[in-house]
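For reference, the structure discussed in these notes is given below.
In the UniProt record's numbering, the protein residues as written are 1 to 722.
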């Protein structure tokens, strides 16, 4: 159904007191929009909703600013009011603080803060006070652009628009309100105070407002009577930006309105910090020189502690371990000669011969942990992980203070899925050498494996803090944020990784998948093209590009890519399945069935059996449709689509009892699909269970109110028969 003959609802984005927000499609220009849907009832309180909606649209139309969400249309359709707004894909500041803390460095935070302040200053200069500035109302897009949402309780200073709550009440969110909002009312400097609170929270990555308390009275008492400590006293990191903005935020948080900065003044002072201009007398050249010296010393210390990241190739591993023998070589000419002989064998990849030499040396020096380390490395290179672990155990028993031993053992333990022991070893390596980047990478990867993504992100962030040029850290963080569903931030992390390794095809593939999740299919397509450019024989990249084409409704190119993936590997089950799904979409049901069966030849999957059932159902062979779908449930008893489809297939053959059984199981998994209740109601009707049918029809109407009219006749008839 098109709303207003133009807008098509795609999916629900959120719901609140003012109604429901949907992702919508503007069919006239084929762009995504946000649609706020509100039902206004004929009562005085409900009319306040209308005024708020109207106000939000008027203000969003009145102000043209790149950091304020634009209002596109406001209308009534079928007794429901709609605001059509610019669609912003991203995460609120609140979500970022809670789910991805310290993910943005101070300079980026400052740049974001300036854009927010400039937008609010623009509102104030048009005579509008926002009155509800808080982390929930500001979105950050994939390119780190802030967008201010919800002008619904903004207030026109000159016309003093009617309050949206009862007389004498306050408007705003308590922990972000200014002192005067509790007494004299809002002014333009009200927004300054709210900005100060939010920026203070953001730069310190606090999970709640610094004025948070258990009751509104306690919040009001804190805001009106206490001053927050300077930002520099609360910060856990040392950064010149914090030194510079701390006094600015103090001026923004002045309880006395007369002493408080305007939002425009706040914006200019923050801009001066970004440009490197002095904002207070305390920021002297001497202080800056001292800061620079500290930075240089810290970088030098980091370089001194930094160890070359160990690649998975034998030559690099062996060279790294060979350097550890420098002290042993000095012990005797005989030892030096033996080591030289062993190294020559290693260079020739004659691992067994090299192992014999080290074992001979071990008999002469049985307490030398470095020899065990060498033997462990050779065992690892020859895929003898059990022996490698034995040698490392003995090396660690002799030397408990070498972080590299724990690191190597942790990597092997990770590869054989002994995650708990691997985590212990990675932590131990970090404890012994807390500034070595690859130890944090290992820890992050282990946490990824056990799906502890928050811990993984923290490990990767430490690695990035130690070395901002570490591609593996950005890649790992991108994978973790993707797994959490933070696709926009995954794109950002993969972009940083690509900047450091611009010819790595897997990075483009990962970013392409993240862009697809963000619905940025054009960008995803470019990424998959780049991945294929650098790895033209990779079946996964063709498959992923095919999926992207299918979402763009370019079925011809999608089929071509799936076919190419199969050409590279004719046992690639997913590619057969995806090819079959396109054929289903094109009503080529026999070819789709052939593809699904080919997929099953190479992989037993509940999804593939279910898809065979769909194809058989399309072809009218309900018995086979039922048999294949039952096999899907044998593999996965919680497979929602299989339960749902079986309910429909049994209904097709008039087996109403089984139809009710499987539809009921589907409803237990998904209680909000109105189609399930409609189908089960029809089954109950055929079983002469009219009361149950009526109940299901009523639930369907609750889930989809516009069914009410079409079902009234059916409900009346069932009631009469009952």
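Don't be surprised by glycine CBs; every beta carbon is placed ideally from N, CA and C.
* Run through DSSP, which three-state label would residue 74 get? -> strand
* Asked: Does the distance from the C-beta atom of residue 626 to that of residue 650 stay below 8 Å?
  -> It is a contact, given that the beta carbons lie within the stated cut-off.
* C-beta atoms of residue 116 and residue 148 nearer than 8 Å -> yes
* Just to confirm, are residue 199 and residue 113 a CB contact at a threshold of 8 Å? -> Less than 8 Å separates the beta-carbon of residue 199 from that of residue 113.
* Asked: Can you tell me the Cα-Cα spacing of residue 73 and residue 218, whole angstroms?
  -> 41 Å
* What does DSSP give as the partner residues of residue 92 in its beta bridges? -> 139
* Same chain, Cβ closer than 6 Å to residue 450, neighbours up to 5 away in sequence not counted -> 419
* Asked: residue 146: buried (16+ other C-beta within 10 angstroms of its C-beta) or exposed?
  -> Burial state of residue 146 is buried, judged by a 10 Å Cβ sphere holding 16 or more other Cβ atoms.
* To do: Can you have a look at residue 371 and say buried or exposed, based on whether 16 or more other CB atoms are within 10 angstroms of its CB?
  => buried
* **Straight-line gap, residue 702 to residue 674 (C-alpha atoms, nearest Å)** => Straight-line Cα distance between these residues: approximately 9 Å.
* To do: Quick one: measure Cβ to Cβ for residue 129 and residue 187, integer angstroms, because I've assumed they're closer than 8 Å.
  => 7 Å
* To do: To the nearest angstrom, report how far apart residue 307 and residue 354 are at their CA atoms.
  => Residue confidence for residue 307 is low, a pLDDT of 33 falling below 50, so the modelled location carries little weight; the figure read from the coordinates is stated next. If I take the Cα positions, the gap works out to 25 Å.
* Whole angstroms is fine: what's the gap from residue 565's alpha carbon to residue 232's? => So the two alpha carbons sit approximately 56 Å from each other.
* Asked: Of all the alpha helix (DSSP H) runs that stay within the bounds of the UniProt repeat "TPR" (471-504), which reach a length of 4 or more residues?
  -> Listed in chain order, they are 471-483 and 487-500.
* residue 343, DSSP secondary structure in three states -> Three-state result, residue 343: helix.
* Helix, strand or coil at residue 552 according to DSSP, with G and I counted as helix -> coil
* Asked: According to the Cβ coordinates, are residue 255 and residue 195 closer than 8 Å?
  -> no
* Residue nearest to residue 464 in terms of C-alpha spacing, selected from 476, 177 and 453 -> 476
* Do residue 380 and residue 338 have their CB atoms nearer than 8 Å? -> no
* Take residue 228 and list the residues in its own chain whose beta-carbon comes closer than 7 Å to its own, dropping the five residues that flank it on each side. => 200, 210 and 253
* Same chain only: Cβ atoms within 8 Å of residue 94, ignoring 5 sequence neighbours per side -> 134, 135 and 136
* Asked: CA-CA distance, residue 551 and residue 521?
  -> 8 Å
* Would you report the Cα separation of residue 619 and residue 383, rounded to the nearest angstrom? -> 51 Å
* Grab the span of the alpha helix (DSSP H) containing residue 198 for me, first residue to last. => 188-204
* To do: May I ask you to report which of helix, strand or coil DSSP gives residue 607?
  => Residue 607 falls in the helix class under three-state DSSP.
* Rounded to a whole number of angstroms, what is the C-alpha to C-alpha distance between residue 226 and residue 435? -> 40 Å
* Other residues of its chain near residue 507: CB distance less than 7 Å, five sequence neighbours each side excluded -> 475, 494, 497, 498 and 501
* State the start and end residues of the unbroken beta strand (DSSP E) segment that holds residue 727. => Past the edges of the chain, shown from 1 to 722, lies residue 727, and the structure says nothing about it.
* Helix, strand or coil: which one does DSSP assign to residue 419? -> helix
* **Those residues which DSSP pairs with residue 14 across a bridge** => 21
* Asked: Thinking just about the alpha-carbon of each residue, which of 100, 543, 425 and 176 is nearest to the one in residue 205?
  -> Of the listed residues, the one whose Cα sits closest to residue 205 is 100.
* May I ask you to report which of helix, strand or coil DSSP gives residue 401? => coil
* Assigned exposure category for residue 377 - 16 Cβ within 10 Å defines buried -> buried
* Does the distance from the C-beta atom of residue 726 to that of residue 718 stay below 8 Å? -> This structure leaves residue 726 out entirely; the chain is present only between 1 and 722.
* Who pairs with residue 80 in a beta bridge, going by DSSP? -> 77
* **Contact set for residue 190: own chain, Cβ-Cβ below 7 Å, skip 5 residues either direction** => 129, 131, 178, 180 and 181
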